[in-house]
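Inspection log for the structure reproduced underneath, given as structure tokens.
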Amino acid sequence: MKIAILDDYHGVAETYADWKTLRSEVTTFQHYLPEGPDRDAALKPFDVIIAMRERTPFPASQIAALPNLKLLVTTGLRNNAIDLAACEAQGITVCGAPGSADGTYATSELAWTLLLALFKNLPHENESMRRGQWQTRMPLPLAGKRLGVVGLGKLGAATARVGLAFGMDVVAWSTNLTDEKAAEIGVKRVEKQELFATSDAVSVHLILSARSRHIVDAAAIDAMKPGAFFVNTSRAGLVDNDALLRALKDHKIGGAGLDVFDQEPLPADDPIRTLDNVVLTPHLGYVSESNFRAFYENAVAAVQAWQDGKPIKVLGK
Numbered sequence: 005m006k007i008a009i010l011d012d013y014h015g016v017a018e019t020y021a022d023w024k025t026l027r028s029e030v031t032t033f034q035h036y037l038p039e040g041p042d043r044d045a046a047l048k049p050f051d052v053i054i055a056m057r058e059r060t061p062f063p064a065s066q067i068a069a070l071p072n073l074k075l076l077v078t079t080g081l082r083n084n085a086i087d088l089a090a091c092e093a094q095g096i097t098v099c100g101a102p103g104s105a106d107g108t109y110a111t112s113e114l115a116w117t118l119l120l121a122l123f124k125n126l127p128h129e130n131e132s133m134r135r136g137q138w139q140t141r142m143p144l145p146l147a148g149k150r151l152g153v154v155g156l157g158k159l160g161a162a163t164a165r166v167g168l169a170f171g172m173d174v175v176a177w178s179t180n181l182t183d184e185k186a187a188e189i190g191v192k193r194v195e196k197q198e199l200f201a202t203s204d205a206v207s208v209h210l211i212l213s214a215r216s217r218h219i220v221d222a223a224a225i226d227a228m229k230p231g232a233f234f235v236n237t238s239r240a241g242l243v244d245n246d247a248l249l250r251a252l253k254d255h256k257i258g259g260a261g262l263d264v265f266d267q268e269p270l271p272a273d274d275p276i277r278t279l280d281n282v283v284l285t286p287h288l289g290y291v292s293e294s295n296f297r298a299f300y301e302n303a304v305a306a307v308q309a310w311q312d313g314k315p316i317k318v319l320g321k
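The numbering used here applies: residue 5 is where the sequence shown begins, and numbers increase by one.
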């Protein structure tokens, strides 16, 4: 049996889990395989594919190009980039491989890294220091500023609590958020328009679905204060990114911290790379050693269970 491990950017998959127990031929792809005939040819021989989250999508067209595929394992327990119906029609089992508990909060930590970088002008000051300059921009305090959190689940709540610790006025909104739920976290629920219009910084923590796609629309971005910051560590599809790019180019908002993009890896010539009011990270929110160890160990367990005829954590069932 042939197993492919995709998108192992850090080259750690084979050391983070014991793949030898599967008694199979394992091939690791450390670099992203662009969509097209070359990807189809590279993956066609494999019976099992291990996908790292949504780095490589598996729409129906991709599934159809892989006639030998029998098992698709995705790290995590949700992957919107896999067409589960197409997999079922082709007789492919799809299983999830959960990460570690601390991986849940790593994304919130990164959101705060981006927020602090924006408020304190860290990327610009770092570059200025290396050029021999000293104090070129005025940093902003967080205390007393309003933080708007879009989505108050585990990640949003963790982000909100840090804002409270900094002495910020924290408000939150999502489609089904109640006053009582917000109060449990110690924040105030407001309507979407008020959140975007009154916040000094907005951080998004929602799951991408058909209902939430572009939930941060042009109207929401246009409503933001001129100096406000926007941070997205969730999914690019939650945001009208054309509207966001226009607002950043025209300096209608203070800046943005972005960890997720419509196309990943982000193309080298993407216009967002040229702006001086953004802080960019390469989808690091969920990346940690403990999380990846759990991903790959659970992926091995998923393949073993499938080999034994008792698949576990089957998705779409």
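Glycine included, every Cβ here is placed at the ideal spot set by N, Cα and C.
(Q) So for Ile211, helix, strand or coil by DSSP? (A) Reduced to three states, the DSSP call for Ile211 is coil.
Q: Check Ile257 in the structure and name its three-state DSSP category.
A: Of the three classes helix, strand and coil, the one that applies to Ile257 here is coil, per DSSP.
Q: State the Cα-Cα distance for the pair Val153 and Pro230, rounded to the nearest angstrom.
A: So the two alpha carbons sit approximately 18 Å from each other.
Q) How many angstroms separate the CA atom of Leu261 from the CA atom of Leu270? A) Correcting the residue type first, residue 261 is Gly in the shown sequence and not Leu. Their backbone Cα atoms lie some 14 Å apart in a straight line.
Q) Within 10 angstroms of its Cβ, does Ser65 collect 16 or more other Cβ (buried), or is it exposed? A) exposed
Q.
What residue range does the alpha helix (DSSP H) around Lys158 cover?
A. 158-169
Q.
Going by beta-carbon coordinates alone, are Asn281 and His255 separated by less than 8 Å?
A. yes
Q: With a 10 Å radius around its C-beta and 16 neighbouring C-beta atoms as the bar for buried, classify Ser213 as buried or exposed.
A: exposed
**Q.** Cβ shell of Leu279 (< 6 Å), same chain only, five flanking positions each side left out
**A.** Leu252
**Q.** Validate contact between the stretch 29-37 and the stretch 313-320 using beta carbons, cut 8 Å, 3 pairs
**A.** The stretch 29-37 is not in contact with the stretch 313-320.
**Q.** Residue range of the beta strand (DSSP E) that includes Trp116
**A.** Premise fails: Trp116 lies in the alpha helix (DSSP H), 107-123, not in any beta strand (DSSP E).
Q. When the Cα atoms are used, what is the spatial distance from Gly171 to Leu114?
A. 19 Å
Q. Roughly how many angstroms separate the alpha carbons of Ala222 and Asp51, rounded to a whole number?
A. 44 Å
Q: Pull up the distance between the alpha-carbon of Ile211 and that of Val98, whole angstroms please.
A: 20 Å
Q: Name the one or two DSSP bridge partners that Glu39 has.
A: BP columns for Glu39 are empty, so no partner.
Q | Runs of beta strand (DSSP E) wholly within the stretch 83-107 (minimum 3 residues, chain order) | A | 97-101
Q) Can you name, in chain order, every residue of its own chain whose Cβ lies under 8 Å from the Cβ of Thr31, other than the five neighbours on each side? A) Lys6, Ile7, Ala8, Ile9, Phe50
Q | Distance, Ser238 Cα to Ala164 Cα | A | When rounded, the separation of the alpha-carbon atoms in Ala164 and Ser238 is 15 Å.
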